[in-house]
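See below for the structure under consideration.
Number of protein chains: 2
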Amino acid sequence: MKIKLNDNYRNLSESYLFSEIARRVREYKEAEPEKGERIVRLGIGDVTLPLAPAVVSAMEAAVREMGDASTFRGYPPEYGYDFLREAIASHYASFGVKIPPEDIFVSDGAKSDVGNIVDILGDNTVYIPDPVYPVYLDSNVMSGRRIEFIPGNEKNGFLPMPDGINCEGAVFYLCSPNNPTGAVYDREKLRVWVDFALRTGSLIIFDSAYEAFVTGDLPHSIYEIEGAEKCAVEICSFSKTAGFTGTRCAWCVVPSAAMSGGMSLNKMWRRRQATKFNGVSYPVQRAAEAALSPEGLGQCMENIAYYMENARIISDFLDRKGISYTGGRYSPYVWLKCPDGMSSWEFFDYLLTKAQVVGTPGEGFGSCGEGYFRLTSFGSREGTEEAVRRLEELL
Amino acid sequence: MKIKLNDNYRNLSESYLFSEIARRVREYKEAEPEKGERIVRLGIGDVTLPLAPAVVSAMEAAVREMGDASTFRGYPPEYGYDFLREAIASHYASFGVKIPPEDIFVSDGAKSDVGNIVDILGDNTVYIPDPVYPVYLDSNVMSGRRIEFIPGNEKNGFLPMPDGINCEGAVFYLCSPNNPTGAVYDREKLRVWVDFALRTGSLIIFDSAYEAFVTGDLPHSIYEIEGAEKCAVEICSFSKTAGFTGTRCAWCVVPSAAMSGGMSLNKMWRRRQATKFNGVSYPVQRAAEAALSPEGLGQCMENIAYYMENARIISDFLDRKGISYTGGRYSPYVWLKCPDGMSSWEFFDYLLTKAQVVGTPGEGFGSCGEGYFRLTSFGSREGTEEAVRRLEELL
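Each protein sequence line maps, in turn, to chains C and Y.
Counted from 1, the first sequence has number 182 at position 182 by the working numbering; the numbering is strictly sequential.
Take any residue in the second sequence, note its place counting from 1, add 395, and you have its number in the working numbering.
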């Protein structure tokens, strides 16, 4: 063909992180079949516990409704059923945030929202933390935006702040609790960010996919900070809260107060979704509603507590060893400094070959991740305890 | 804020079609409450029959799997599970088309694919039939493309052809069976289009969402035409085939042979989906697989036969009256010329007030739709027969 394609795709770099991990594990198992049998995986970024019983019942009931002429439902509303938008609004209300249901847009996943939100934006400079979830970067490379990185490091506890950034009308991505570092912005730090955005006319795209892991006084939502409704879009998901990685449901808050150049982001996103999206499967929306019901949320929180106990086991061990880390308390991720100045991949090989424990090299999440390593709490209790026993001996 | 937004959104025109229909119906019901009770709707573009029993069973079983630790599934593959890609490939094979499963991308809806496919394209001139499904136009306005219309009319039977179009490397949308006209390209006409695309280096985006309504020798897929794998992307859906408008599953074929400027559309779409999409809900994919099983497809085809009988009742009536129309035989849509030179909206009001029958004014699908009217077969048998009885008396 002689059509023009999106040339920005030429600027994407291939991510070899997970394929490289798979390759090294495979080769090790081939070389050391007996030890290969003992491998424990603490690199999993996906949930492993099944859906909560209340969620399963609600979804089954909805599937049966779809099989009955008197209760069958066709096209869902593009923005989500009212029952789910209202359930999400009540969820926000439970930590003191008032979001009108019409500012909530239900979708099939946080990745879709993070990726698609760039559709309504113009040619702004985009600031992306490093290390971070790679979709922020790739979706902006695809749309040809100018990208600056905001480094996370030991000094700022992997919580980059806007100090020294000189901009007007830029776009900032923040993720809290962060993937991969597990670091969480407290109220004060988030207030600095919101004030900075308001002062510079910038937009914050706030990814709160891990908010269910937050406890105590730490903010679940950027809208806990005054003024955020004028400068922030928030993307959240049922994936980690309710184990929906395979069930697929998320939401995005685009406040009516978010305006620029006389245009309303809420109206633009409404139009984008009505044009390019046809809503989420009805049984999935009923499942998501059940996950936020008192019974469902209670069951989901038991799963979160299970993962958090795994995270505690890992971080208690690091405390005992005096290895510095972020995360682990309000996040399923533990982000540790590789001991003895090892690089991310050196440490990966060291753990694989000496302890048969697989984690994720931090360098795969951005250049500031070099020298760091991610362990996750999504494995089983037995696997986590066994891995820690081996690391205890090794390190 | 002072960020730049996507200014192309300013060029979108609001569609008042369905809200205007709703307003006129509401006002009529208020003015004539008794007659308002008699209203029959033949304007529905959504399916109304429930999911097939085989589909419901498969989806229920998959939901139960998600509730059990030993069968739970996390993130699905972004491109769809192999079991579903293979089922779709077999579906193509059933009408003689060979598509490798890796060229098939499972998604949550044809609207998503139609809307998102522009992400991988560059700044080409886009040709869109008129009248047609409005997403082709709006998604290209959003991305600031230069748009030309290809008029459908009585002369070409609402099957626009490339005669007289002078272009190199352009993008063409085709929809067959067409929404709203119900017109279907036969093999010869489609061959002309494919040859034209190959000759001019153009891309055809072929929307085959209504292929299940096609019988006999008419093509179900553009890939029935030789060479199409080099110049066409095809978007299809379970929405109409299996009544999935509320269940949400579709697919897109991006052949490995489709290349331009050394770039592979398949690889670009793969990257786009991996970055901005996280796959379709596992129970939904199992439901879709069941819809293509011999048992499920048989049940779905009974539903299609029900709608087609409704379409036959409408088109037989138009034949008796000598009113010219397209569609109705291989499509759920019947597209008729408004009698006595009435405009689309005049005819709408005439049917509403004289017969209490609601359809869709053709003008809402593009300026070439003025003077035409869409009736659909997605209502009940009783409603369709009653509507035709009233139209028989009126016209």
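Backbone N, C-alpha and C define an ideal beta-carbon position, used for all residues, glycine too.
Could you give the residue range of the alpha helix (DSSP H) that holds residue i?
i: residue 354 of chain C; result: 344-355
i: residue 374 of chain C; result: No alpha helix (DSSP H) holds residue 374 of chain C; the beta strand (DSSP E) holding it covers 372-376.
i: residue 666 of chain Y; result: 660-671
i: residue 420 of chain Y; result: 412-426
i: residue 470 of chain Y; result: Counting along the chain, residue 470 of chain Y falls outside any alpha helix (DSSP H), and DSSP gives it neither H nor E.
i: residue 88 of chain C; result: 82-94
Put residue i into one of helix, strand or coil per three-state DSSP.
i: residue 395 of chain C; result: coil
i: residue 461 of chain Y; result: helix
i: residue 513 of chain Y; result: helix
i: residue 654 of chain Y; result: strand
i: residue 437 of chain Y; result: coil
i: residue 636 of chain Y; result: helix
i: residue 522 of chain Y; result: strand
i: residue 12 of chain C; result: coil
i: residue 753 of chain Y; result: strand
i: residue 198 of chain C; result: helix
i: residue 508 of chain Y; result: helix
i: residue 35 of chain C; result: helix
i: residue 47 of chain C; result: coil
i: residue 677 of chain Y; result: helix
i: residue 614 of chain Y; result: coil
i: residue 380 of chain C; result: coil
i: residue 98 of chain C; result: coil
i: residue 364 of chain C; result: helix
i: residue 226 of chain C; result: coil
i: residue 783 of chain Y; result: helix
i: residue 587 of chain Y; result: helix
Bridge partners of residue i, per DSSP?
i: residue 413 of chain C; result: Coverage of chain C is limited to positions 1 through 395, which leaves residue 413 of chain C absent and any answer about it impossible.
i: residue 502 of chain Y; result: Y:645
i: residue 53 of chain C; result: None; residue 53 of chain C has no bridge partner.
i: residue 400 of chain Y; result: C:121
Going along the chain, which residues of its own chain have a beta-carbon closer than 8 Å to the beta-carbon of residue i, five neighbours each way excluded?
i: residue 101 of chain C; result: 82, 85, 86, 88, 89
i: residue 583 of chain Y; result: none
i: residue 154 of chain C; result: 324, 337
Once the 5 residues before and after residue i are set aside, which same chain residues still bring their CB inside 6 Å of it?
i: residue 705 of chain Y; result: 772, 779
i: residue 338 of chain C; result: 347, 371, 373
i: residue 21 of chain C; result: none
i: residue 719 of chain Y; result: 732
i: residue 179 of chain C; result: 133
i: residue 634 of chain Y; result: 640
i: residue 447 of chain Y; result: 691, 694, 695
i: residue 206 of chain C; result: 174, 222, 232, 234
Check whether chain D comes within 8 Å of residue i, counting only Cβ atoms and requiring the distance to be less than that.
i: residue 672 of chain Y; result: Absent from the structure: chain D. Protein chains present are C and Y.
Leaving out the 5 sequence neighbours to the left and right, which residues in its chain are closer than 7 Å to residue i when beta-carbon positions are compared?
i: residue 99 of chain C; result: 89, 92, 223, 253
i: residue 449 of chain Y; result: 685, 688, 690, 691, 694
i: residue 211 of chain C; result: 220, 221, 236
i: residue 506 of chain Y; result: 530
i: residue 28 of chain C; result: 36, 352, 353
In chain order, what are the residue ranges of uninterrupted beta strand (DSSP E) at least 3 long that sit wholly in the region 525-584 of chain Y? 541-546, 566-570
Within the region 288-343 of chain C, ranges of the beta strand (DSSP E) (whole runs, at least 3 residues): DSSP runs (the beta strand (DSSP E)) wholly in the region 288-343 of chain C: 325-327, 333-337.
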